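Residue numbers (the working numbering): 351 to 646.
The structure appears right after this line, and notes come after that.
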């Protein structure tokens, strides 16, 4: 083995180590600061499970936003596409496993949940098509993805109103009874907590920005200097950036007690988390990635 090969091997190990360290930091910040702060803020504001699930979906998509935009800035469009494909596939698998382990798979018989999962499957199919069109990606495709996001969001909202609102309404009535018993002092305490949670969210965003920037340099080195394929980098990123979703899928279902309606509420929250996350990954984050890649 030549000296150059030894140096290349050492550099590869060093860059891969940095890759995993930065990725782990993204997951830790997302799990222990960002996701928890957003959930607590949502609970303080007495939001419905669907809304909490949507907020969790936004929060857990931040790692994908960082890795996809950084990859696109570095000209690694293949890494970006594989990141979204693997993230969306892994999210769906994790969601399904969480339902089985929590014994909530019966909720899949609900028509609203079924249709939402069909939309989720489409968010897996579409990025595969984009991968086939990698060499012809343009701004028009980016606009098409945004239009699809609006359509998917509208369908999801109508589905919830038709099939799932009755569950929300029953639980909201129980929640209103509980809120009436809270004192003014407790309300003031919640308001103070809400400001603290907003501060945590801002701090998490700043930390994620700097770590994402550092991760971008590592990705560039692994692709150009070490020679690791963009597809492998994208799949690795998908595995890592999907961990926050795994956490929120389980937490959302454990958050509710063992009652029929409450079990369904946990599934509603997890399903909206999944659908929102996958929709953002494909229709918004990937659109931003395509825009950056085409314009640079």
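Using N, Cα and C, we set each Cβ at its ideal position, and we do this for glycine too.
Here the structure is a predicted model, which is why all the values come from computation and not from measurement.
State the DSSP-derived secondary structure class of residue 426, mapped to helix, strand or coil.
-> coil
Express the C-alpha separation of residue 353 and residue 455 in angstroms, rounding to a whole number.
-> 57 Å
Quick one: measure Cβ to Cβ for residue 427 and residue 559, integer angstroms, because I've assumed they're closer than 8 Å.
-> The Cβ separation is near 22 Å, so there is no contact.
Taking the Cβ atom as the reference point for each residue, do residue 632 and residue 442 lie within a distance shorter than 8 Å?
-> no
With a CB to CB cut of under 8 Å and the five nearest residues on each side skipped, what residues in its chain are close to residue 504?
-> none
Contact set for residue 430: own chain, Cβ-Cβ below 6 Å, skip 5 residues either direction = 418, 421, 422 and 639
Can you tell me the Cβ-Cβ gap for residue 375 and residue 561, rounded? I've got them flagged as a contact below 8 Å.
-> 5 Å
Since I believe residue 602 is in contact with residue 616 (beta carbons under 8 Å), could you give me their beta-carbon distance rounded to a whole number of angstroms?
-> 5 Å
Apart from the five residues just before and just after residue 593, which ones in its own chain have a Cβ nearer than 6 Å to its Cβ?
-> 377
Run through DSSP, which three-state label would residue 392 get?
-> helix
What did DSSP end up calling residue 510 once you bin it into helix, strand or coil?
-> helix
Whose C-beta lies closer than 8 Å to the C-beta of residue 395 among residues of the same chain, with five residues either side of it excluded?
-> 544
If you drop the 5 nearest sequence neighbours on each side, which residues of the same chain put their C-beta closer than 8 Å to that of residue 464?
-> 458
Could you give the C-beta distance for residue 584 and residue 436, rounded to a whole number, given that I count them as a contact under 8 Å?
-> 6 Å
Local conformation of residue 405 per DSSP, three classes | helix
Per-residue burial, residue 364 [other beta carbons within 10 Å of its own, 16 or more giving buried] | exposed
Residue 505, DSSP secondary structure in three states = helix
Evaluate the contact criterion for the region 577-591 versus the region 387-407: three or more CB pairs, one atom per stretch, below 8 Å.
-> no
Give every residue of the same chain whose Cβ lies closer than 7 Å to the Cβ of residue 359, excluding the five residues on either side of it in the sequence, and list them in chain order.
-> none
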